[in-house]
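S.K.:
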Amino acid sequence: MKPKLRNPFKGSKAYLWFIVLGVLICIFIITASQKAIEYTSTDEYCMSCHIHLHADQSWKLSSHHNNSSGVIVHCVECHLPPKDHYNYLPAKIKHGIKDVYGMWFKDSADFNWEEKKKLENAKKFIYEQSCIKCHQNLFPVTLSDEGDDAHLYYLTSKDGLSCLNCHLQVGHYDPNVKHEHNLKFGNVAQVTEVYTEPTQVIKFENFTEKIPGTGVSFDMVAIPGGTFDMGSPGKEPLRGRDEGPVHKVKVPRFFMAKAEVSWDEYLEFFKATSSQGRKESEKATENDVDGITGPTPPWGAPDQGWGKGQLPAITMSWHAAEVYCKWLSRVTGKKYRLPTEAEWEYACRGGTQTPYPFKGSPKDYSSKGFFRKIIGPDTTVINSYVVYDLNSGGKTKEPGDVHTNPFGLKNMGGNVAEFCLDYYSPDTYKAYAGKIVTDPHGPARGREHVVRGGSYQSDAADVRSAARSYTKTREWLTTDPQMPKSVWWYSDVIDVGFRVVCEVDDSIAQ
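Heads up: the sequence shown begins at 5 in the working numbering, then just goes up one per residue.
Put into C-alpha cells, the structure is as follows:
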C-alpha cells in the first residue's frame with residue numbers, strides 16, 4: 005500500500021503558504037507596476053504616441069534640452085506633476101487614456117497644432133508644481149532686473165499667473181514667443197515706387213487712400229448717414245446684458261476702411277515714428293517738436309509668426325491705434341480716427357436689424373452647448389462672411405477670404421476684434437432709452453474702451469452685430485515685464501486690432 009502524499013496547503017501551515025504566495029504576488033505586481041510606470045515615462049515611449057515631429061524637434065532646440073549645463077528635462081517632468089505629488093498617478097492615468105484614445109481613433113494630421121501650442125491650451129498639460137520642483141530659487145544672482153520684477157509680480161499677483169505666461173517656449177522652442185525685445189521688428193523691404201501725394205477726395209464715394217512716402221494703399225468705403233435701432237432686442241438669442249435697451253441713433257455720413265488695418269499699413273507707421281530702444285517711460289507727448297512719436301520695439305513677435313502683409317495688425321494697444329490715426333491724418337491731410345461705437349454698429353449692420361448682416365440665428369451657428377459640440381452647427385452661410393473659432397484654424401486671415409456686408413465692408417464680424425473711440429460702460433444705452441440720439445460718443449470718462457466685432461477665436465454669439473466687449477488693460481498686460489507697463493503693445497491678447505474711419509469734409513459734395 006502506497007503512502008499518501010501530504011498536501012502542503014492543508015492543515016495549520018496552509019495560511020502561511022497563502023501569505024507567502026500573496027506577498028510574492030504583491031511584490032510582483034508592485035515591481036511590474038513600477039517598471040511599467042518607468043517605461044511609460046521615458047521620452048521614447050512618449051514619442052511613440054506623440055508622433056508629431058515638431059514636438060521632438062522643438063524640444064531639442066529648447067533651453068530644457070539645448071543648454072550650457074547639459075541637463076535634459078524629460079517629457080514627464082513638465083507634463084506630469086512631480087512623482088511625490090498626490091496627483092501624479094491620477095494625472096498619468098488621465099493623460100494616458102486620452103493619448104491612447106487619440107492614437108487609435110484620431111488622425112494626428114487633422115490636429116491644429118498651432119492652436120494647441122497657444123498659452124491657454126498649453127496650461128492644461130503643464131503642471132506648475134513641476135516647474136517649482138526644479139526652479140526652487142526664483143531670484144538667482146544671474147537674474148536680470150526685469151526678471152526680478154517679473155518674478156516678484158508672479159509671487160504677489162492674484163491674477164492666476166503661471167510660469168508659462170512668460171516661459172512658454174522653454175520646453176518647446178518657438179522663436180515667435182520669445183520673451184524679449186524684438187529689435188528687428190519693423191524691418192520691411194524698401195519699395196522703389198512710392199506715392200508722393202495722398203488721394204484727393206472731392207466726392208462722397210469710395211476711394212483708395214495712398215500713404216505718401218510709401219507704396220501702401222488701402223480702400224475706404226463711403227457710408228451714407230442714416231438712423232437705425234442700436235443694440236439687440238431682449239428676444240435675440242445669446243445676447244449680452246449690456247446690449248440694451250434698443251434705442252434710435254442717427255449717424256452722419258463717414259468713410260470707413262473696407263478692411264482692418266493691415267500689417268503693411270501699420271508697419272509704415274512703425275517705421276516712420278518708432279524710436280528703437282527708447283524706454284516706455286520716455287513716451288513723447290502731442291506737444292513734442294516732431295509731433296508724432298510711435299511705438300517702442302515689441303516683445304516677441306506681434307504677428308505670432310503667421311506673417312504680415314495684408315493680414316490684420318494685432319497686439320497694439322488702444323493708445324497705439326489712436327496715435328496711428330493721428331499719424332495717418334498728418335501724412336494724408338484728412339481726419340482719420342477710430343470709429344465711434346454707434347458708427348461701428350451702423351456700418352456693421354449695413355441697413356439690417358437682424359443678429360447678423362446675413363441670414364441665420366446665433367443658435368444655428370454657435371458651438372455652445374453639449375450637443376452642439378458633438379454634432380456641430382451648420383456653418384455654410386456664416387463661413388462665407390465671418391472668420392471665427394470654427395473656421396479660422398486658430399489664426400487671422402486676409403480679408404479676401406470673406407464676402408462683404410451690404411455696405412461693402414469686410415470682417416466687421418470676426419478675424420480681429422476692433423477698437424472703438426468710446427469709453428465702455430455696461431449701462432451706456434440706458435441713458436439713451438426713449439430718445440433719438442445723434443452721433444453719440446459714449447460716456448464722457450472711463451477706464452476701458454469699447455471693442456467690437458469678435459475675432460477668429462470667438463463663438464458665433466460674439467460676432468453678432470450688437471455684441472459688445474471692451475479692453476482689459478490690466479489683464480492684457482499681465483506678463484509685460486517692463487516697469488512701467490507698455491503703452492504701445494499688449495503682452496497677453498493676440499486677437500485685437502482696429503480699422504479707421506475718415507470724417508467727411510464739409511466741402512465734399514454728396
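Cβ coordinates follow ideal geometry from the N, Cα and C atoms, glycine included.
For the structure I just gave you, are there three or more beta carbon pairs, one from the region 353-371 and one from the region 332-339, closer than 8 Å?
M.R.: No, the region 353-371 does not touch the region 332-339.
S.K.: Quick one: give me the first and last residue of the beta strand (DSSP E) that Val454 is part of.
M.R.: In the sequence shown, counting from the first residue as 1, residue 454 sits at position 450. Here the beta strand (DSSP E) through Val454 covers His453 to Arg456.
S.K.: What are the boundary residues of the alpha helix (DSSP H) that Arg353 is part of?
M.R.: The count along the sequence shown starts at 1 and reaches residue 353 at position 349. Looking at the DSSP string, the run of the alpha helix (DSSP H) that includes Arg353 is Glu345 to Arg353.
S.K.: Please classify Ser73 as buried or exposed, where buried requires at least 16 neighbouring CB atoms within 10 angstroms.
M.R.: Counting from one through the sequence shown, the residue named residue 73 turns up at place 69. Label assigned to Ser73: exposed.
S.K.: Rounded to the nearest angstrom, what separates Ala351 and Asp88 at their Cα positions?
M.R.: As a position in the sequence shown, residue 351 is number 347, starting the count at 1. As a position in the sequence shown, residue 88 is number 84, starting the count at 1. Going by the C-alpha atoms only, they are around 59 Å apart.
S.K.: Measure the alpha-carbon distance for Thr277 versus Ile296 and round it to whole angstroms.
M.R.: Walking along the sequence shown from the start, residue 277 turns up at place 273. Walking along the sequence shown from the start, residue 296 turns up at place 292. Taking the straight line from one Cα to the other gives about 7 Å.
S.K.: Measuring straight from C-alpha to C-alpha, what distance separates Lys137 and Glu213?
M.R.: Walking along the sequence shown from the start, residue 137 turns up at place 133. Walking along the sequence shown from the start, residue 213 turns up at place 209. Computed Cα separation, rounded: 57 Å.
S.K.: DSSP three-state call for Val24: helix, strand or coil?
M.R.: Within the sequence shown, numbered from 1, the residue matching residue 24 stands at position 20. Three-state result, Val24: helix.
S.K.: With 16 as the cutoff for other CB atoms within 10 Å, does His139 come out buried or exposed?
M.R.: Here residue 139 refers to the residue found at position 135 when the sequence shown is read from its first residue. Answer is exposed; the Cβ neighbour count stays below 16.
S.K.: For Cys53 and Ala40, I'd like the C-alpha separation in whole angstroms.
M.R.: Translated into positions along the sequence shown, residue 53 becomes position 49. Translated into positions along the sequence shown, residue 40 becomes position 36. In a straight line, the C-alpha of Cys53 is about 16 Å away from that of Ala40.
S.K.: Using CA atoms only, rank isn't needed, just tell me which of Gly373, Tyr369 and Phe115 is closest to Val390.
M.R.: As a working note, residue 390 is residue 386 in the sequence shown. For Val390, the nearest C-alpha among the options comes from Tyr369.
S.K.: Quick one: what's Val505 bridged to in DSSP?
M.R.: One-based indexing of the sequence shown puts residue 505 at position 501. According to DSSP, Val505 bridges with Met260 and Arg341.
S.K.: Taking the alpha-carbon of Gly238 as reference, which of Gly230, Glu247, Phe232 and Thr231 has the nearest alpha-carbon?
M.R.: Position 234 of the sequence shown, counted from the first residue, corresponds to residue 238. The candidate whose alpha carbon is nearest that of Gly238 is Glu247.
S.K.: What separation, rounded to the nearest whole angstrom, lies between the Cα atoms of Gln314 and Phe273?
M.R.: As a first step, residue 314 is located in the sequence shown; it is residue number 310 there, counting from the start. As a first step, residue 273 is located in the sequence shown; it is residue number 269 there, counting from the start. Using only the alpha carbons, I get a separation of about 15 Å.
S.K.: So is Asn141 buried or exposed if we call it buried at 16+ other beta carbons inside 10 Å?
M.R.: Indexing the sequence shown from 1 puts residue 141 at position 137. Classification of Asn141: exposed, given that the 10 Å Cβ count is below 16.
S.K.: Taking Lys207 as the reference, which of Phe22, Leu93, Met224 and Tyr199 has the closest Cα?
M.R.: As a first step, residue 207 is located in the sequence shown; it is residue number 203 there, counting from the start. When only C-alpha atoms are compared, the closest one is Met224.
S.K.: Going by CA-CA distance only, name the one from Val174, Ala324, Val454 and Ser371 that's closest to Val491.
M.R.: Here residue 491 refers to the residue found at position 487 of the sequence shown. The candidate whose alpha carbon is nearest that of Val491 is Ala324.
S.K.: Got a sec? Which residues, its chain only, sit under 6 Å from Tyr131 by beta carbon, not counting five neighbours each side?
M.R.: Taking the first residue of the sequence shown as position 1, residue 131 is located at position 127. Contacts found: Pro85.
S.K.: What would DSSP say about Leu168, mapped onto helix, strand or coil?
M.R.: Translated into positions along the sequence shown, residue 168 becomes position 164. The answer is helix: DSSP assigns Leu168 an H, G or I state.
S.K.: In terms of residue numbering, what span does the alpha helix (DSSP H) encompassing Leu123 cover?
M.R.: Here residue 123 refers to the residue found at position 119 when the sequence shown is read from its first residue. Segment Leu123 to Ala126, the alpha helix (DSSP H) holding Leu123.
S.K.: Could you check whether His83 and Asp47 sit closer than 8 Å to each other, using their CB atoms as the reference points?
M.R.: As a working mapping, residue 47 is identified with position 43 in the sequence shown. As a working mapping, residue 83 is identified with position 79 in the sequence shown. No; because the gap between Cβ atoms is not below 8 Å, this pair is not in contact.
S.K.: What number of angstroms, rounded off, separates the C-alpha of Asn91 from the C-alpha of Val253?
M.R.: By one-based count along the sequence shown, residue 91 stands at place 87. By one-based count along the sequence shown, residue 253 stands at place 249. Going by the C-alpha atoms only, they are around 57 Å apart.
S.K.: Tell me which same chain residues have a C-beta within less than 6 Å of the C-beta of Arg107, skipping the five on either side of it?
M.R.: Working through the sequence shown from its first residue, we reach residue 107 at position 103. The residue you asked about is not Arg; residue 107 is Met in the sequence shown. The residues are Cys53.
S.K.: Answer with buried or exposed for His68, where buried requires no fewer than 16 other C-beta atoms within 10 angstroms of its C-beta.
M.R.: As a working note, residue 68 is residue 64 in the sequence shown. Buried, since its Cβ has 16 or more Cβ neighbours within 10 Å.
S.K.: Can you tell me which of the three DSSP states Glu515 falls into?
M.R.: What the structure shows of the chain is the stretch from 5 to 514, and residue 515 is not part of that stretch, so it cannot be assessed.
S.K.: Using DSSP bridges, identify the partner residues of Lys254.
M.R.: Here residue 254 corresponds to residue number 250 of the sequence shown, with the count starting at 1. Paired residue(s): Thr231 and Thr442.
S.K.: Near Thr483, which residues of its chain fall below 7 Å by C-beta distance, leaving aside the five closest residues on each side in sequence?
M.R.: One-based indexing of the sequence shown puts residue 483 at position 479. Once the five neighbours on either side are set aside, the close Cβ partners of Thr483 are Asn169, Cys170, Ser495 and Asp496.
S.K.: Among Trp117, Gly100 and Val80, which residue has its Cα nearest to the Cα of Gly398?
M.R.: The residue labelled residue 398 in the question sits at position 394 within the sequence shown. Residue Trp117 is the option with its Cα nearest to Gly398.
S.K.: Between the beta-carbon of Val265 and the beta-carbon of Gly501, is there less than 8 Å?
M.R.: Counted from its first residue, the sequence shown places residue 265 at position 261. Counted from its first residue, the sequence shown places residue 501 at position 497. In this structure, Gly501 lies closer than 8 Å to Val265 by Cβ.
S.K.: Name, in chain order, the residues that DSSP records as bridge partners for Asp223.
M.R.: Sequence index remark: in the sequence shown, residue 223 carries index 219 (1-based). Bridge partners of Asp223: Thr212.
S.K.: Tell me whether the beta-carbon of Trp63 lies closer than 8 Å to the beta-carbon of Gly175.
M.R.: Sequence index remark: in the sequence shown, residue 63 carries index 59 (1-based). Sequence index remark: in the sequence shown, residue 175 carries index 171 (1-based). It is a contact, given that the beta carbons lie within the stated cut-off.
S.K.: For the beta strand (DSSP E) containing Tyr427, list its first residue and its last residue.
M.R.: Residue numbering aside, residue 427 sits at position 423 when the sequence shown is read from its first letter. Ala421 to Tyr427 is the extent of the beta strand (DSSP E) around Tyr427.
S.K.: Which whole-angstrom value is the C-beta distance of Lys444 and Thr300, which I expect to be below 8 Å?
M.R.: In the sequence shown, residue 444 corresponds to position 440, counting from 1. In the sequence shown, residue 300 corresponds to position 296, counting from 1. According to the sequence shown, residue 444 is Pro rather than Lys. Incorrect: roughly 34 Å between the Cβ atoms, too far for contact.
S.K.: Is the distance from the Cβ of Tyr474 to the Cβ of Val454 below 8 Å?
M.R.: Here residue 474 is taken as the residue at index 470 of the sequence shown, counted from 1. Here residue 454 is taken as the residue at index 450 of the sequence shown, counted from 1. Contact: yes.
S.K.: Nearest by alpha-carbon distance to Asp499: which of Asn415, Arg451 and Arg449 is it?
M.R.: Reading the sequence shown from its first residue, position 495 is the one you call residue 499. With distances taken between Cα atoms, Asp499 lies closest to Asn415.
S.K.: What do you get for Thr196, buried or exposed, if any count of 16 or more other CB atoms within 10 angstroms of its CB means buried?
M.R.: In the sequence shown, the residue the question calls residue 196 occupies position 192. Thr196 is exposed by the Cβ-count criterion.
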